[in-house]
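Below: one structure, written as structure tokens.
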Amino acid sequence: MRFCPSRQAFWILLAVSRHGMAKIAVSGRESGQIPEEISFLIMLTNLNLSSNQLIGKIPNQIGDLKQLESLDLSCNELTGEIPSGLSDLTSLSYLNLSYNNLSGAIPSGRQLQTLDSQIDIYIGNLGLCGYPLSKNCSTSTTGAGQSVGHEDADHVVPLYLGMCIGFVVGLWTVFFTMLTRRAWVIAYFQIIDKLYDKVYVRVVIAWARMMKKTHDGAA
Ligand SMILES: *[C@@H]1O[C@H](CO)[C@@H](O)[C@H](O)[C@H]1NC(C)=O
Ligand SMILES: *[C@@H]1O[C@H](CO)[C@@H](O)[C@H](O)[C@H]1NC(C)=O
Ligand SMILES: *[C@@H]1O[C@H](CO)[C@@H](O)[C@H](O)[C@H]1NC(C)=O
Ligand SMILES: *[C@@H]1O[C@H](CO)[C@@H](O)[C@H](O)[C@H]1NC(C)=O
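Counting with mature numbering (1 follows the signal peptide of the UniProt record, and there is no 0), you get residues -22 to -1, 1 to 197 for the letters of the sequence shown.
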């Protein structure tokens, strides 16, 4: 049963795309939880954390990412319930929670019910129940309040590290484009050269005229 792509290798975080929209693609070697601080990235439109060995719960704060259009959390080891905050994401048009270990009732918010291929979204999570799955939720819900203790400090660091790396990557992208697009660099320097030539020539002519005048005047 290998539906999941092989594990991704690096933390990458691209902050702002050409169209001014924030995109993030984070992948890591370490397994960790999705930090609650993810909700700070309010401009985020695409979040792909697929195949990252993520553990723990999906933070309810994910509901603060109002711009989010696509969310791919497939192929991790996420547990617990799907937070009801997810159904607040009115821009969301793609969601994939498949192949995790989620459990409990699927939130009944409007937004989640309008997504396409609804059953695919939840496939590979044996504990889930409720619409659109055929499995009914039993009235006695179990295991909701597991101990979630030490989370915060551990996972802020990866987030900020990711941001730093993203910044550096962004800078490099610009720099690298300059390096690779030699044509741009050449054009740039040609313009500078031409400007310099023009200015230089004018200065020399002006200088010569001035010298001539002073000479004539002296003569
Ligand atoms: C969700 O992710 C799994 C694993 O990456 C993939 O096999 C499946 O096609 C995806 N589902 C949708 C609806 O894109
Ligand atoms: C997320 O990343 C995985 C692995 O790189 C890829 O297979 C999947 O299609 C991506 N999901 C989206 C929604 O782009
Ligand atoms: C899923 O979670 C349950 C407890 O919530 C655990 O017993 C089980 O081993 C987990 N399964 C996988 C495949 O991680
Ligand atoms: C689920 O519940 C509905 C009524 O709420 C019932 O009609 C249906 O047979 C139940 N399905 C299963 C698989 O228990």
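Cβ coordinates follow ideal geometry from the N, Cα and C atoms, glycine included.
F(-20) versus I101: straight-line alpha-carbon distance, rounded: Position 3 of the sequence shown holds residue -20. Position 123 of the sequence shown holds residue 101. Our two residues, F(-20) and I101, have alpha carbons roughly 11 Å apart in a direct line.
Beta-carbon proximity list for D194, same chain, < 7 Å, skipping 5 on both sides: On the sequence shown, position 216 is the one that residue 194 refers to. Nothing meets the Cβ criterion.
L22 versus S112 - alpha carbon distance: In the sequence shown, counting from the first residue as 1, residue 22 sits at position 44. In the sequence shown, counting from the first residue as 1, residue 112 sits at position 134. Computed Cα separation, rounded: 33 Å.
Chain-order list of residues whose beta-carbon lies under 6 Å from that of S71 (same chain, five-residue window excluded): One-based indexing of the sequence shown puts residue 71 at position 93. Only E47 meet the Cβ criterion.
Beta-carbon proximity check, I36 vs P61, cutoff 7 Å: Position 58 of the sequence shown holds residue 36. Position 83 of the sequence shown holds residue 61. Result yes, Cβ atoms of I36 and P61 sit closer than 7 Å.
Check: N54 C-beta below 6 Å from any heavy atom of ligand 1: Residue 54 sits at position 76 when you count from the first residue of the sequence shown. Checking every heavy atom of ligand 1 against the Cβ of N54, none is found closer than 6 Å.
Closer than 6 Å: S48 CB and nearest ligand 1 heavy atom: As a working mapping, residue 48 is identified with position 70 in the sequence shown. For S48, the Cβ stays outside the 6 Å cut-off from all heavy atoms of ligand 1.
Beta strand (DSSP E) segment containing L90, residue limits: Locating residue 90 in the sequence shown gives position 112, counting from the first residue. From DSSP, L90 is part of no beta strand (DSSP E) but of the alpha helix (DSSP H) over R88 to Q91.
Straight-line gap, E14 to L67 (C-alpha atoms, nearest Å): Looking up residue 14 in the sequence shown gives position 36. Looking up residue 67 in the sequence shown gives position 89. In this structure, the straight-line span from the alpha carbon of E14 to that of L67 is close to 16 Å.
N74: CB within 6 Å of a non-hydrogen atom of ligand 1: Taking the sequence shown and counting its residues from 1, one reaches residue 74 at position 96. N74: yes, Cβ under 6 Å from ligand 1.
Reference S28; option with closest CA among E55, E59 and G82: In the sequence shown, counting from the first residue as 1, residue 28 sits at position 50. In terms of CA proximity to S28, E55 leads the group E55, E59 and G82.
Runs of beta strand (DSSP E) lying entirely within the stretch 29 to 81, each at least 3 residues, in chain order: Here the runs fully enclosed are 48 to 50, 55 to 58 and 72 to 74.
Cβ separation of S81 and D98, assumed to be a contact under 8 Å, to the nearest whole Å: Position 103 of the sequence shown holds residue 81. Position 120 of the sequence shown holds residue 98. Incorrect: roughly 18 Å between the Cβ atoms, too far for contact.
Limits of the alpha helix (DSSP H) - the one that Q96 falls within: Looking up residue 96 in the sequence shown gives position 118. Counting along the chain, the alpha helix (DSSP H) containing Q96 begins and ends at Q96 to Y100.
Given L43 as reference, the closest of P85, S65, G105 and L106 once Cα atoms are compared: The count along the sequence shown starts at 1 and reaches residue 43 at position 65. With distances taken between CA atoms, L43 lies nearest to S65 out of P85, S65, G105 and L106.
CA-to-CA distance, N30 to I16, given in whole angstroms: Here residue 16 corresponds to residue number 38 of the sequence shown, with the count starting at 1. Here residue 30 corresponds to residue number 52 of the sequence shown, with the count starting at 1. Computed Cα separation, rounded: 16 Å.
Rounded distance between the beta-carbons of N74 and L51, thought under 8 Å: Residue numbering aside, residue 51 sits at position 73 when the sequence shown is read from its first letter. Residue numbering aside, residue 74 sits at position 96 when the sequence shown is read from its first letter. With a Cβ gap of about 7 Å, L51 and N74 count as contacting.
Cβ shell of R88 (< 8 Å), same chain only, five flanking positions each side left out: Residue mapping note: residue 88 aligns to position 110 of the sequence shown, counting from 1. The answer, listed in chain order, is S65.
S69 beta carbon near ligand 2 (any heavy atom closer than 6 Å): Numbered from its first residue, the sequence shown carries residue 69 at position 91. It does not: the Cβ of S69 is nowhere closer than 6 Å to a heavy atom of ligand 2.
Straight-line Cα distance separating S69 from Q45: Locating residue 45 in the sequence shown gives position 67, where the first residue counts as 1. Locating residue 69 in the sequence shown gives position 91, where the first residue counts as 1. Cα-Cα distance, rounded: 6 Å.
Inter-residue CB distance, I84 and L90 (contact presumed, cutoff 8 Å): Residue mapping note: residue 84 aligns to position 106 of the sequence shown, counting from 1. Residue mapping note: residue 90 aligns to position 112 of the sequence shown, counting from 1. About 7 Å separates the two Cβ atoms, so the contact holds.
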